[in-house]
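**Q** Here the protein sequences line up with chains A and B, keeping their order.
If you're matching positions, the first sequence starts at 1 in the numbering used here and goes up one per residue.
If you're matching positions, the second sequence starts at 1001 in the numbering used here and goes up one per residue.
If you scroll down you'll find the structure; I have some questions about it.
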Amino acid sequence: MEFPEWLKYSKEHEWVNVEGSVATVGITEYAQQELGDVVYVELPEAGEKIVKDDPFGAVESVKAVSDIYAPISGTVLEVNDALPESPETINEDPYGDGWMIRVEMSDANDLKDLMTAEEYAEYVEKEKEAEEEEEDEEEEEGEEEE
Amino acid sequence: MEAATRSLTAKLKKTPLCAAHRRLGAKMVEFAGWEMPVQYRGVIHEHLAVRSRAGLFDVSHMGEVEIRGSEALDLCQWLTANDVSRIKQGQAQYNLLLNEEGGIVDDIVVYRLGEDRFLLCVNAANTEKDFQWIREKAAGKASVEDRSLHYVQLALQGPVAEKILQPLTVVPLQQVEPFHFALGNVAGNSCLVARTGYTGEDGFELYCDPADGERLWSRLLEAGADAGLEPSGLGARDTLRLERALPLYGHELNDGTTPLEAGLEWVVKFSKGVFLGRESLLRQKERGIKRKLVGLEMTEPGIPRSHYPILKQGVAIGEVTSGTKSPTLGRAIAMGYVQTGEAAVGNTVAVEIRGRQAAARIVPLPFYRRGRTTNSV
């Protein structure tokens, strides 16, 4: 799985690309894989304020809705208008054409809470391991039961 | 983004195919107390495979209750809405278990195994409830057994299902009509082969011994590979049944919903004689129903989901029970209950989606019926 080095990452699986005071935000490769086929995206409009750790939009697979949480606070400058028409772009190119919003950050300190690519890769590994451990435990238990 | 998969707790039941699903790369989720594959390659991919070719589902979580004895038919007639006496050995029937108030205890398929033997396929979430309910009502007059752990159930669904299955069995599949079944070998495994399903496509449901389950699963996947058979998960099963407007217990149906409200009056055979819930349903029929299950199609962006309010001029008139973006039609669709006066096809309503109102239209059900592109019925 790919986590580009130049991006920063949140625990809610968003990525942030920082250029000066402007941050571009999307969801990670791991997030899109976990979601499955994205069929609908709901995003804020330019000019709206977003608040760190609050939902700023939603992505939907055929099966379910997931909130997208703001990794930083600020004002939305631009929204990826191509996504509502072709939400599958988020699956196909999560770090490129699948970007969601560009934000004028209101507090550069917000970035301190984000992870580097290396840290995020570890974080994802731990999440996956936790899942697999549970699965393994279950399997062992299952065998005992039989 | 929230962690998309709910982590699996340790107490989940597993079908004998669990390891096989993992080897195929399935994403496993909890469903009705079972650990089940929700998807392999992707819900849309699997959905479209079933519509155009075929999909293979492990549906071993479904429960099976067997009723036996000289009073078995009488018990079935008393407990269900449909007329079980109309099916002969080798036939199956969609049916409803009703309570005294006419509410739906479960929606089931009854297989007549013999004169005095009936196998009821029940919903996974209801297996225990149904079993207790039936046993209590049987009051010792018929033998009632929970056989759920004695069956692996696989659903082979799609237009090429028969072509895939026929080379593996001597059962003449062309003679097995919809809602009929035969007993026979499939790839060397003893099976009940039923022409039933929950996808809106032609297909079969195979019941076999759990010990043979994994072998049957593998042989079917091998046999279907060239025809484009795809292992398919509960995600696609849900979108397929929703397009065909097949109700899902816990969504469209529950103990407080009657078949008249749910558009299932065709199942209720008032003329067959007494049955549980009959008087209540007759009263409701006379007075008229207050709410009705309808189909909705969004005319503004947004995907309706279970429990979203349905509004008319800002006033709540009902609630969505199931919704998705239809992979076949490419449009956002839903089923839901609305007040009878607002239920007419063509009525424009709104669905409240995360605090915003999005317009929708009431449309006829089902959203999808097979063969409609070729004009056959």
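Think of the CB as a built atom: it goes at the ideal place given N, C-alpha and C, for glycine as much as any other residue.
Do the segment 1295-1304 of chain B and the segment 1324-1331 of chain B meet, that is, are 3 or more Cβ pairs less than 8 Å apart?
**A** yes
**Q** Using a C-beta to C-beta distance shorter than 8 Å, which residues of chain B count as neighbours of A58 of chain A?
**A** R1354
**Q** Residues of chain B with CB under 7 Å from D37 of chain A, in chain order?
**A** G1042, V1043, I1044
**Q** Which of the three DSSP states, helix, strand or coil, is assigned to L1206 of chain B?
**A** strand
**Q** For chain A, find out if any of its Cβ atoms is closer than 8 Å to the Cβ of G1235 of chain B; answer yes or no.
**A** yes
**Q** Just how far apart, CA to CA, sit L1168 of chain B and E1145 of chain B?
**A** 31 Å
**Q** What do you reckon, are the CB atoms on S61 of chain A and V1043 of chain B nearer than 8 Å?
**A** yes
**Q** Check distances from the C-beta atoms of the segment 49-75 of chain A to those of chain B and list, in chain order, the residues that come in under 8 Å.
**A** When CB distances to chain B are screened at a threshold of 8 Å, the residues of the segment 49-75 of chain A falling below it are A58, V59, E60, S61, V62, K63, A64, V65, S66, D67, I68, Y69, in chain order.
**Q** Between which two residues does the alpha helix (DSSP H) containing R102 of chain A stretch?
**A** Premise fails: R102 of chain A lies in the beta strand (DSSP E), 101-105, not in any alpha helix (DSSP H).
**Q** By alpha-carbon positions, which one of B:E1205, B:I1087, B:T1239, B:L1096 ends up nearest to R1051 of chain B?
**A** B:T1239
**Q** Round the Cβ separation of I1108 of chain B and L1098 of chain B to the nearest angstrom and send it over; I've been treating them as touching at under 8 Å.
**A** No, I1108 of chain B and L1098 of chain B are not in contact; Cβ-Cβ is about 11 Å, not under 8 Å.
**Q** Nearest by alpha-carbon distance to V124 of chain A: which of A:D37, A:T28, A:V18, A:V76 is it?
**A** A:T28
**Q** Distance cutoff 8 Å, beta carbons only. Does I1303 of chain B sit that close to anything in chain A?
**A** yes
**Q** Where does the unbroken alpha helix (DSSP H) through W6 of chain A begin, and where does it stop?
**A** It is not in any alpha helix (DSSP H) - W6 of chain A carries neither H nor E in the DSSP assignment.
**Q** Spatial neighbours of V65 of chain A within its chain, please: CB distance less than 7 Å, with the 5 preceding and 5 following residues excluded, ordered by chain position.
**A** A58
**Q** Quick check: the Cα distance between K1312 of chain B and G1341 of chain B, rounded to an integer number of angstroms?
**A** 11 Å
**Q** Compile a chain-ordered list of the residues in the segment 1320-1336 of chain B whose CB is closer than 8 Å to at least one CB of chain A.
**A** Those would be T1324, K1325, P1327, A1332, in chain order.
**Q** Less than 8 Å between CB atoms is the rule here; does T1299 of chain B satisfy it with respect to chain A?
**A** So, not an interface residue.
**Q** So which residues of chain A does Q1413 of chain B contact, with C-beta pairs closer than 8 Å?
**A** No statement about residue 1413 of chain B is possible, as the shown extent of chain B runs from 1001 to 1377 and does not include it.
**Q** What residues in the segment 78-110 of chain A bring their beta carbon closer than 7 Å to a beta carbon of chain B?
**A** P84
**Q** K52 of chain A by DSSP, collapsed to three states: which one?
**A** coil
**Q** Which residue wins for smallest C-alpha separation from G1203 of chain B, given the options B:D1255, B:F1057, B:P1016?
**A** Ranking the options by Cα distance to G1203 of chain B, first place goes to B:F1057.
**Q** For Y123 of chain A, go through chain B and note every residue whose CB falls closer than 8 Å to its CB, in chain order.
**A** What Y123 of chain A touches in chain B: nothing, since even the nearest Cβ is about 11 Å away.
**Q** Please list the partners that Y40 of chain A has in chain B, where partner means a Cβ-to-Cβ separation under 7 Å.
**A** I1303, K1325
**Q** Flag this pair as yes or no: are the beta carbons of N80 of chain A and M105 of chain A separated by less than 8 Å?
**A** no
**Q** Beta-carbon separation of L77 of chain A and V18 of chain A under 8 Å?
**A** no
**Q** Going by C-alpha distance, which of A:L114, A:Q32, A:E45, A:L43 is nearest W6 of chain A?
**A** If we check each option's Cα against that of W6 of chain A, A:L114 comes out closest.
**Q** Assuming D1238 of chain B is part of the alpha helix (DSSP H), what are its boundary residues?
**A** 1234-1243
**Q** Buried or exposed, going by whether 16 or more other CB atoms sit within 10 Å of the CB of A1155 of chain B?
**A** buried
**Q** List the endpoints of the continuous alpha helix (DSSP H) containing D1106 of chain B.
**A** Counted as a single uninterrupted DSSP element, the stretch harbouring D1106 of chain B is not any alpha helix (DSSP H) but the beta strand (DSSP E) occupying residues 1104-1114.
**Q** Is the segment 1113-1123 of chain B touching the segment 1062-1080 of chain B, taking contact as three or more C-beta pairs under 8 Å?
**A** When C-beta atoms of the segment 1113-1123 of chain B are compared with those of the segment 1062-1080 of chain B, three or more pairs fall below 8 Å, so the two segments count as touching.
**Q** Please report the distance separating the alpha-carbon of V1377 of chain B from that of G1158 of chain B.
**A** With a pLDDT of only 35 at V1377 of chain B, under the threshold of 50, the placement of this residue in the model should not be trusted; the figure read from the coordinates follows. Here the C-alpha atom of V1377 of chain B lies approximately 16 Å from the C-alpha atom of G1158 of chain B.
**Q** Would you check if the distance between the CB atom of G1346 of chain B and the CB atom of R1370 of chain B is smaller than 8 Å?
**A** no
**Q** Buried or exposed: H1061 of chain B, going by 16 or more other Cβ atoms within 10 Å of its Cβ?
**A** buried
**Q** So what does DSSP say about N91 of chain A, is it helix, strand or coil?
**A** helix
**Q** Please classify T1348 of chain B: is it buried, with 16 or more other beta-carbons within 10 angstroms of its beta-carbon, or exposed?
**A** exposed
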